[in-house]
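Read the structure below first, then the notes.
Numbering (this note's numbering), first residue to last: 1 to 101.
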(Lines of atoms letter the chains of each structure in order from A; the text may use other names.)
(Lines give C-alpha, C1' and ligand atoms only; values in the text may rest on other atoms or scores of the structure.)
Protein backbone atom coordinates (compact mmCIF):
# COMPACT_ATOMS: atom_id res chain seq x y z
CA UNK A 1 0.00 0.00 0.00
CA UNK A 2 1.52 3.38 -0.97
CA UNK A 3 2.35 5.78 1.82
CA UNK A 4 0.35 9.01 1.67
CA UNK A 5 2.54 12.06 1.33
CA UNK A 6 1.07 14.99 3.26
CA UNK A 7 0.21 18.06 1.25
CA UNK A 8 2.70 20.85 1.90
CA UNK A 9 1.43 23.66 4.09
CA UNK A 10 1.61 26.96 2.20
CA UNK A 11 2.02 30.29 3.96
CA UNK A 12 -1.05 32.40 3.12
CA UNK A 13 1.03 35.57 3.44
CA UNK A 14 4.02 34.86 1.17
CA UNK A 15 2.51 31.84 -0.65
CA UNK A 16 5.66 29.70 -0.22
CA UNK A 17 5.62 26.12 1.15
CA UNK A 18 6.42 26.05 4.87
CA UNK A 19 8.97 23.48 6.08
CA UNK A 20 7.76 21.87 9.35
CA UNK A 21 10.63 23.45 11.33
CA UNK A 22 9.61 26.94 10.14
CA UNK A 23 5.86 26.62 10.81
CA UNK A 24 4.18 28.97 13.34
CA UNK A 25 0.48 29.18 14.18
CA UNK A 26 -0.69 32.82 14.04
CA UNK A 27 -3.91 33.93 15.73
CA UNK A 28 -5.47 36.34 13.25
CA UNK A 29 -7.14 38.04 16.21
CA UNK A 30 -4.70 37.79 19.14
CA UNK A 31 -5.68 35.38 21.93
CA UNK A 32 -5.54 38.30 24.37
CA UNK A 33 -8.33 39.93 22.31
CA UNK A 34 -10.49 36.80 22.18
CA UNK A 35 -9.11 35.26 18.99
CA UNK A 36 -9.32 31.54 18.39
CA UNK A 37 -8.74 30.95 14.66
CA UNK A 38 -5.15 30.33 13.57
CA UNK A 39 -3.31 30.19 10.25
CA UNK A 40 0.07 28.54 9.74
CA UNK A 41 2.71 31.05 8.62
CA UNK A 42 6.45 30.93 8.01
CA UNK A 43 8.19 31.80 11.27
CA UNK A 44 9.88 34.78 9.57
CA UNK A 45 6.50 36.09 8.30
CA UNK A 46 4.90 35.61 11.72
CA UNK A 47 7.68 37.46 13.51
CA UNK A 48 7.54 40.32 11.02
CA UNK A 49 3.82 40.81 11.69
CA UNK A 50 4.41 41.05 15.44
CA UNK A 51 7.45 43.28 14.94
CA UNK A 52 5.37 45.85 13.05
CA UNK A 53 1.89 45.69 14.56
CA UNK A 54 0.46 45.84 18.07
CA UNK A 55 -2.12 43.33 19.25
CA UNK A 56 -4.73 46.08 19.21
CA UNK A 57 -3.93 46.91 15.57
CA UNK A 58 -4.08 43.21 14.67
CA UNK A 59 -7.48 42.81 16.32
CA UNK A 60 -9.03 46.01 14.94
CA UNK A 61 -7.50 46.50 11.50
CA UNK A 62 -5.51 43.45 10.38
CA UNK A 63 -7.55 40.38 11.40
CA UNK A 64 -7.35 38.73 7.96
CA UNK A 65 -4.49 37.81 5.65
CA UNK A 66 -5.97 40.15 3.04
CA UNK A 67 -5.95 43.03 5.52
CA UNK A 68 -2.35 42.28 6.55
CA UNK A 69 -1.30 42.52 2.92
CA UNK A 70 -2.70 46.07 2.72
CA UNK A 71 -0.17 47.28 5.31
CA UNK A 72 2.66 48.93 3.30
CA UNK A 73 5.53 47.53 5.39
CA UNK A 74 4.04 44.01 5.47
CA UNK A 75 3.50 44.19 1.69
CA UNK A 76 7.11 45.31 1.14
CA UNK A 77 8.38 42.49 3.38
CA UNK A 78 6.24 39.86 1.60
CA UNK A 79 7.43 41.02 -1.83
CA UNK A 80 11.03 40.68 -0.59
CA UNK A 81 10.69 37.35 1.26
CA UNK A 82 8.96 35.66 -1.70
CA UNK A 83 12.33 35.66 -3.46
CA UNK A 84 13.97 33.68 -0.62
CA UNK A 85 14.21 29.89 -0.17
CA UNK A 86 11.33 28.21 1.69
CA UNK A 87 13.50 27.58 4.77
CA UNK A 88 14.87 31.17 4.90
CA UNK A 89 14.96 32.78 8.34
CA UNK A 90 16.45 36.00 9.62
CA UNK A 91 16.14 37.56 13.08
CA UNK A 92 13.49 40.27 13.27
CA UNK A 93 13.60 43.36 15.49
CA UNK A 94 10.46 45.00 16.78
CA UNK A 95 9.90 48.51 15.51
CA UNK A 96 10.40 51.28 18.07
CA UNK A 97 6.71 52.13 17.74
CA UNK A 98 5.67 48.62 18.83
CA UNK A 99 8.32 48.40 21.60
CA UNK A 100 6.98 51.56 23.27
CA UNK A 101 3.59 49.99 23.94
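The beta carbon of each residue, even a glycine, is placed where N, CA and C say it ideally should be. Note that this is a predicted model, so its numbers are computed, not measured.
(request) Name the two residues that bound the continuous beta strand (DSSP E) containing residue 27. (result) For the purposes of this step, residue 27 is taken as the residue at position 27 of the chain shown. Start and end: 23-27.
(request) Counting only runs of 4+ residues fully inside the segment 38-74, write out the alpha helix (DSSP H) ranges in chain order. (result) Here the runs fully enclosed are 43-52, 55-60 and 65-68.
(request) Going by DSSP, name the residue or residues bridged to residue 10. (result) As a first step, residue 10 must be located in the chain shown, where it is residue number 10. Looking at the DSSP output, residue 10 shares a beta bridge with 17.
(request) Classify residue 78 as helix, strand or coil using the three-state DSSP reduction. (result) What you label residue 78 is simply residue 78 of the chain shown in a count that begins at 1. Residue 78 falls in the helix class under three-state DSSP.
(message) Which residue wins for smallest C-alpha separation from residue 59, given the options 43, 19, 36 and 78?
(response) To locate residue 59, count along the chain shown from 1; it is residue 59. Of the candidates 43, 19, 36 and 78, 36 places its Cα closest to the Cα of residue 59.
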